[in-house]
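Undergrad: Here it is: the structure, laid out below.
Number of protein chains: 6
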Amino acid sequence: MPFVSIRITREGVTAEQKAQVIREVTETLERVLNKPPAWTHIVIEEVDTDNWGFGGHTIAAIREGKAPLPGA
Amino acid sequence: MPFVSIRITREGVTAEQKAQVIREVTETLERVLNKPPAWTHIVIEEVDTDNWGFGGHTIAAIREGKAPLPGA
Amino acid sequence: MPFVSIRITREGVTAEQKAQVIREVTETLERVLNKPPAWTHIVIEEVDTDNWGFGGHTIAAIREGKAPLPGA
Amino acid sequence: MPFVSIRITREGVTAEQKAQVIREVTETLERVLNKPPAWTHIVIEEVDTDNWGFGGHTIAAIREGKAPLPGA
Amino acid sequence: MPFVSIRITREGVTAEQKAQVIREVTETLERVLNKPPAWTHIVIEEVDTDNWGFGGHTIAAIREGKAPLPGA
Amino acid sequence: MPFVSIRITREGVTAEQKAQVIREVTETLERVLNKPPAWTHIVIEEVDTDNWGFGGHTIAAIREGKAPLPGA
Chain A
1 MPFVSIRITR EGVTAEQKAQ VIREVTETLE RVLNKPPAWT HIVIEEVDTD
51 NWGFGGHTIA AIREGKAPLP GA
Chain B
1 MPFVSIRITR EGVTAEQKAQ VIREVTETLE RVLNKPPAWT HIVIEEVDTD
51 NWGFGGHTIA AIREGKAPLP GA
Chain C
1 MPFVSIRITR EGVTAEQKAQ VIREVTETLE RVLNKPPAWT HIVIEEVDTD
51 NWGFGGHTIA AIREGKAPLP GA
Chain D
1 MPFVSIRITR EGVTAEQKAQ VIREVTETLE RVLNKPPAWT HIVIEEVDTD
51 NWGFGGHTIA AIREGKAPLP GA
Chain E
1 MPFVSIRITR EGVTAEQKAQ VIREVTETLE RVLNKPPAWT HIVIEEVDTD
51 NWGFGGHTIA AIREGKAPLP GA
Chain F
1 MPFVSIRITR EGVTAEQKAQ VIREVTETLE RVLNKPPAWT HIVIEEVDTD
51 NWGFGGHTIA AIREGKAPLP GA
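Residue numbers (the UniProt record's numbering), protein chains in the order written: chain A, 1 to 72; chain B, 1 to 72; chain C, 1 to 72; chain D, 1 to 72; chain E, 1 to 72; chain F, 1 to 72.
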């Protein structure tokens, strides 16, 4: 442990960005919670935009301007 | 919050059906639990039928008649 | 299947409210996606307010007015 | 990796039973998928019976005979 | 219930291996925890190797020898 | 989105440490992936040490010296 799941929409995040997030979150957990990196697993789970609902609408619809952006 | 994960088998659910589920579950959480839609995130996570086990068999095998449907 | 996880903050949701959410979400999945209730499992996972981060702050801090409510 | 989450209702599972499940699932993943135990994390997540819905009712209601057991 | 999520890297696990894992884990939960197979759902969730971080690096980088294997 | 789940063992992590982890992970996701904090939800899910298996043993047994620490 720890085990971290990071769910984001599938919208072109690069391998380099994923590696950066993994590096930084592992470092945070080591420094703040004293968790050894060798025990730390992090998965980035990408979800299609018509599978992610926000404010009652899909992100796909929000991106296409067919639904309001919550809080906008 | 809330954050809702809905896992289903990947068996042809349409974008319209996903949008309907997202709309209705968001509305339920707002009416019953007073959770603002602008804070409500819902993800629909589709799983291949040979990755989903039910009653000790994969859904793929059950669909192909190679394994019994539990409770049938 | 389906399996639904609903994460909310632990802030006094009653057993009746939980039962209502379970009833409605099961009904939505049956009507919209044709998923049999006898295969539908829903868990409501309550998270303490200092374990839930929103906008970079804990919900506990936001509730106590020590941190801004995102989008307010 | 692997990371395994086992959700069950909170109904008196003992520490010995949990240790047995952890031992067996780790052994299965090593033998069948060649996953090293030193990389295998398993969490058993216990959910209160009025937080678990099955067939549109809570397990609490089913256990108390106030709701039908799906498929019975 | 139970509901089991098994996250592994997407590295060529076969349909037969998945079926075997599903069979064995269902059997373990029935024998050790007395959970009926007809209520037991297991999903195997495969994650791309550049989406899985271990020891601060992606499994993709580790497999390519660009990053150290934790504990090696 | 994003939605982040951080599972750790329940071993005395303080409210300040949790707030720090939430602050840092939110900042990483904003800087590296351009995700607005107002859309970012992070939950820290604490698991009892006899509910967490590592290397085929519970963390409770490992802490008590009754089982080996994987990789030690």
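For every residue, glycine included, the Cβ atom is placed at its ideal position computed from N, Cα and C.
Restricting to runs no shorter than 4 residues, where is the alpha helix (DSSP H) found entirely within the UniProt domain "4-oxalocrotonate tautomerase-like" (2–61) of chain C?
TA: Complete alpha helix (DSSP H) runs here, min 4: 15–33.
Undergrad: Just to make sure I have the definition right: I need the residues of chain B whose C-beta is within less than 9 Å of the C-beta of threonine 28 of chain C. Which are they?
TA: Gln20, Val21, Glu24, Val25, Thr28
Undergrad: Just to confirm, are glutamate 46 of chain A and isoleucine 22 of chain A a CB contact at a threshold of 8 Å?
TA: no
Undergrad: Report yes or no: do the region 12–29 of chain E and the region 17–34 of chain B share at least 3 C-beta pairs separated by less than 8 Å?
TA: In short, these stretches do not touch, since the Cβ pair count stays below three.
Undergrad: Count the other CB atoms within 10 Å of the CB of isoleucine 72 of chain A; is the residue buried (16 or more) or exposed (fewer)?
TA: The displayed chain sequence assigns alanine, not isoleucine, to residue 72 of chain A. Counting C-beta atoms within 10 angstroms of its own C-beta, alanine 72 of chain A has fewer than 16 neighbours from the protein chains shown and is therefore classed as exposed.
Undergrad: Kindly list, in the order they appear in chain E, the residues whose Cβ is closer than 8 Å to that of alanine 38 of chain D.
TA: Gly71
Undergrad: Between the Cα of methionine 1 of chain A and the Cα atoms of F/Gly55, F/Pro2, F/Glu64, F/Pro68, which residue gives the shortest distance?
TA: F/Gly55
Undergrad: Is it true that the region 55–66 of chain A meets the region 32–39 of chain A, where meeting means three or more beta-carbon pairs spaced less than 8 Å apart?
TA: no
Undergrad: Should valine 43 of chain F and valine 25 of chain F be called a contact, given that it needs their Cβ atoms to be closer than 8 Å?
TA: Not in contact: valine 43 of chain F and valine 25 of chain F (Cβ atoms no closer than 8 Å).
Undergrad: Let's test the definition: count the other Cβ atoms within 10 Å of the Cβ of glycine 12 of chain E and tell me whether it reaches 16, buried, or not, exposed.
TA: exposed
Undergrad: Is the shortest distance between the beta-carbon of arginine 7 of chain A and the beta-carbons of chain B less than 8 Å?
TA: yes
Undergrad: Please check if any C-beta of chain I sits within less than 8 Å of the C-beta of valine 43 of chain F.
TA: Among the protein chains of the structure shown, namely A, B, C, D, E and F, there is no chain I.
Undergrad: If you drop the 5 nearest sequence neighbours on each side, which residues of the same chain put their C-beta closer than 6 Å to that of residue 100 of chain F?
TA: An answer regarding residue 100 of chain F cannot be provided, because it is not within the stretch 1 to 72 covered by chain F.
Undergrad: With a threshold of 16 other CB atoms inside 10 Å of the CB of proline 68 of chain A, please say whether the residue is buried or exposed.
TA: exposed
Undergrad: When the Cα atoms are used, what is the spatial distance from threonine 49 of chain C to histidine 57 of chain C?
TA: 10 Å
Undergrad: Answer with yes or no whether the minimum CB distance from phenylalanine 54 of chain E to chain C is below 8 Å.
TA: no
Undergrad: Identify, in the order they occur along the chain, each residue of the same chain with its Cβ nearer than 8 Å to the Cβ of leucine 33 of chain B, setting aside the five sequence neighbours on each side.
TA: Pro2
Undergrad: I need the straight-line Cα distance from arginine 31 of chain A to glutamate 27 of chain F, nearest angstrom please.
TA: 16 Å
Undergrad: In whole angstroms, what is the alpha-carbon distance linking isoleucine 6 of chain B and proline 70 of chain D?
TA: 20 Å
Undergrad: To the nearest angstrom, report how far apart leucine 29 of chain F and leucine 29 of chain A are at their CA atoms.
TA: 15 Å
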